[in-house]
Structures are given as C-alpha cells and as structure tokens.
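Reviewing the structure listed below.
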Amino acid sequence: MKSIGVVGGGQMGSGIAQLAAVHGLHVWLLDSDPTALSRASSSISNSIHRLVSKGHLSQVVGTNALRLLQCTSNLEDLCSADVVIEAIVESEDVKKKLFSELDKLTKRSAILASNTSSISITRLASATTRPSQVIGMHFMNPPPIMKLVEIIRGANTSDETFNATKALAERFGKIVICSQDFSGFIVNRILMPMINEAFFTLYTGVATKEDIDTGMKLGTNHPMGPLELADFIGLDVCLSIMRVLHAGLGDSKYIPCPLLVQYVDAGRLGRKRGVGVYDYS
Ligand code: CAA
Ligand code: NAD
1 MKSIGVVGGG QMGSGIAQLA AVHGLHVWLL DSDPTALSRA SSSISNSIHR
51 LVSKGHLSQV VGTNALRLLQ CTSNLEDLCS ADVVIEAIVE SEDVKKKLFS
101 ELDKLTKRSA ILASNTSSIS ITRLASATTR PSQVIGMHFM NPPPIMKLVE
151 IIRGANTSDE TFNATKALAE RFGKIVICSQ DFSGFIVNRI LMPMINEAFF
201 TLYTGVATKE DIDTGMKLGT NHPMGPLELA DFIGLDVCLS IMRVLHAGLG
251 DSKYIPCPLL VQYVDAGRLG RKRGVGVYDY S
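Using full-length UniProt numbering, you'd call the opening residue of the sequence shown number 1 and step up by one each time.
Right under this line is the structure:
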C-alpha cells in the first residue's frame, strides 16, 4: 500500500491521517468542512513537531510525514488511493451515502474501511458494489497513542481484505483484535454501557461528577473517569453508539440516560465544544 484517503478530519480522522503519514503513506485527508480541515492540518503539524522535539520521531520522518499529507475537500482526489478510511459522523445514513460515492470514484481494487464505533459493517458494505472489500478498522482515541485496532469483518468481507487491513494496522504499530459484526463490536459493547451508567449515577444524584470519576480512576485504575472519558470521546458520539446498541441488541439496558440526551441537545458535546459534563473554557 502506498496511498490512503482519510475521510473526516475530526479528532479520529486527523489522528489516523497523522499515523499513516508517519508510517510513510501518501495521505489525502478530506473533510466537507473547511474549518475542520484547517484545524486538522494544524493539529497534525503541531503533534508531529511535538513528537520530533521530544525525540519520539526523527526530524527526517517528521518532515517526510508533513510532506506526504495533503488536505482536500474534493472527494475525487481519493480516486487513486489503495485504501480509504472513513471517520465521519456516527450516522448510518450519512456513512452509507459516502460509501456509495466512494464506491463510484475509487479504483476497483481499493479497500473501503470504516472507523465506525458501532454501526454494522455489513450494512455499510451493502451501499457499495464491492462488499468483499469493505471492512471495519476501529482505532481508539487518540489514534497516534492507543495501541489497539479492532477489526470487524462484514458478512461478505474477503480474507484478502482482512489480511491487508490487519497488515496495515500492524504497519502502524497496533495490536489487532477481531470482532464479529454486531452492534458496538467488542470495546464499545462493554465501554459505552459503563459510561451510560456513570451518567445514570450522576442523573439520579448518587454522587458528584468528580466523585464518580475519582472513584473509577483510583478505584479501578482507569486513566480517565467515565464522565471525563465521555467528554474526551464526544457526548454526541457516545449517544449515537448507545442508540445503535439499543436498536441493534434490543435490550432496555442500552437506553441512553436522559441526562446524556439532554447534554447533547444542549450542544454540550464535550471537550471539542469546550463544555460537556465539565467546563473547559
Ligand atoms: N495525539 C498525539 N499524542 C498525544 C495525544 C494526541 N491526541 N494526546 C496525548 N498525547 C501524548 C502526549 O503528548 C504525551 O506524550 P509524552 O508522554 O511523550 O509527553 C502522552 O500522550 C501523554 O499525554 P498527557 O501527558 O497529555 O496526558 P495523559 O498522561 O493524561 O494521557 C491519554 C492522555 C493518553 C489520552 C490518557 O488520558 C488515556 O489513555 N485516556 C484514556 C483514553 C481512552 O480510553 N481511549 C479510548 C476511548 S474509546 C474509543 O476510542 C473507541 C470509541 O469508538 C469511542
Ligand atoms: P468528529 O465530530 O470529531 O469529526 C467528524 C468529522 O467528519 C467532522 O470534521 C465533520 O466535518 C466531518 N464530516 C461529517 N460528515 C462528512 C462527510 N459526509 N464528508 C466529509 N466529512 C464529513 O468525530 P470523531 O470523534 O472523529 O468520530 C468520527 C468517527 O470515528 C465516528 O464514526 C466515531 O464513532 C468514530 N470513533 C470515534 C472515537 C472517539 O473517541 N471520538 C473513537 C473511535 C471511533
């Protein structure tokens, strides 16, 4: 693999694009929002400069990575990519529309991967004429730091696509786990109900947000408490995942906490908006 397209320049897409460029791939990073694209470009550049100044990356690799990265708003620039990783909003309809467009304009051999947190890969693949080349490649936030990539095969994903995707994740230095294609896969099937329960704990007045987070940080050695982590992930992303779990698995235990819903309705999406459970202003 020589070139990659990353669609969505938010926190995940920009981190994936950075990883790919640092590992020597030519990267097209696309976002439909020009502001998001320029924010992504400067955050990648700052992150690479920080890694170089701390000695985690050589100057040569850092300079080369910045040279390999190109930003665009034109989907057709992705036409020669060997693989495209989609990291846009967690909505099945919006993702399907994108997969259908990518199917029409990318080369026939290209793999179309999704960084979705929860949505069925089989259904995303159904929007294309190449379901054997569609796969879930689920990075954890922040992608440059977190060691894991969860790979999800759709019902029609080929062995060839799986092997190439696994090799790509390993080239990025990641450990791969494999999940069947069921809502939330492995990590979010377990993590999101915990985060949702932390919201219920706050909502029903069991404890303050600080005590809930401190309890889980010091009590179970998590690097962040669940409410702090929800702000880090994005409350909109957490809510979308809970809705996919509820719709896909049917159990009432996945009903999103009303407080989580209310925060999202109020635009309190977490760190990326400067306010979520906590205020970052
Ligand atoms: N990009 C690149 N480097 C980053 C970074 C980013 N976005 N964020 C932090 N770093 C680097 C810092 O530069 C720092 O490097 P040095 O050690 O060389 O100085 C290092 O990571 C540690 O960062 P900090 O000292 O700023 O902060 P920290 O020690 O608190 O670590 C953290 C930050 C790695 C995010 C840590 O708090 C953590 O592991 N939190 C939990 C993250 C987690 O659970 N992620 C998974 C979420 S679930 C998911 O992603 C799936 C989904 O679908 C929702
Ligand atoms: P984000 O809100 O930070 O970024 C999404 C970006 O996609 C935005 O910049 C937006 O302008 C862009 N976008 C939306 N629709 C688009 C389209 N049709 N074409 C081009 N660009 C479009 O979101 P994020 O947190 O980076 O999440 C992206 C994906 O990654 C989601 O599927 C999410 O579930 C998944 N994910 C998120 C996390 C996390 O911790 N936030 C972790 C793993 C996976």
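All C-beta atoms, glycine included, are put in the ideal place defined by N, C-alpha and C.
- Leaving aside the five residues that flank Pro-143 on each side, the residues in its chain whose CB is nearer than 8 Å to its CB run, in chain order, Met-12, Gly-15, Ile-16, Gln-18, Leu-19.
- Arg-153 is bridged by DSSP to Ile-135.
- Residue environment for Ala-247: exposed (fewer than 16 other C-beta atoms within 10 angstroms of its C-beta).
- Counting along the chain, the unbroken beta strand (DSSP E) around Leu-69 starts and ends at 69–72.
- Remark: the shortest separation between the CB of Ser-117 and any heavy atom of the ligand CAA falls under 8 Å.
- DSSP places Asp-279 in the strand class (E or B) of the three-state scheme.
- Proximity to Ser-109 across Gly-136, Cys-79, Ala-87 peaks at Cys-79, based on C-alpha coordinates.
- In this structure Ile-212 touches Gly-225 by the C-beta definition: roughly 6 Å separates them, less than 8 Å.
- Counting only the Cα atoms, Phe-199 lies some 18 Å from Val-187.
- Each residue's CA atom was taken as its position, placing Thr-214 and Leu-227 some 10 Å apart.
- Each residue's CA atom was taken as its position, placing Ser-73 and Ser-179 some 32 Å apart.
- Not one heavy atom of the ligand CAA lies closer than 8 Å to the C-beta of Leu-29.
- When distances are taken from the beta-carbon of His-246 to the heavy atoms of the ligand NAD, even the shortest one reaches 8 Å or more.
- For Ile-177, DSSP records a beta bridge to Glu-150.
- With fewer than 16 other Cβ atoms from the protein chains shown falling within 10 Å of its own Cβ, Gln-59 counts as exposed.
- The way I'd put it, the stretch 91–105 doesn't touch the stretch 21–37; fewer than three beta-carbon pairs between them come closer than 8 Å.
- Selection Glu-210, Ala-207, Leu-202 evaluated against Tyr-263 yields Leu-202 as nearest (Cα-Cα).
- Secondary structure of Val-84 (DSSP, three-state): strand.
- Ranked by Cα distance from Met-137, the options Ile-145, Thr-204, Ile-48, Ser-117 are led by Ser-117.
- For Met-192, the Cβ stays outside the 8 Å cut-off from all heavy atoms of the ligand NAD.
- Relative to the ligand CAA, the beta carbon of Arg-271 is positioned no closer than 8 Å to any heavy atom.
- Per DSSP, the unbroken alpha helix (DSSP H) holding His-246 starts and ends at 235–249.
- Within the DSSP secondary-structure output, Ser-3 pairs in a beta bridge with His-26.
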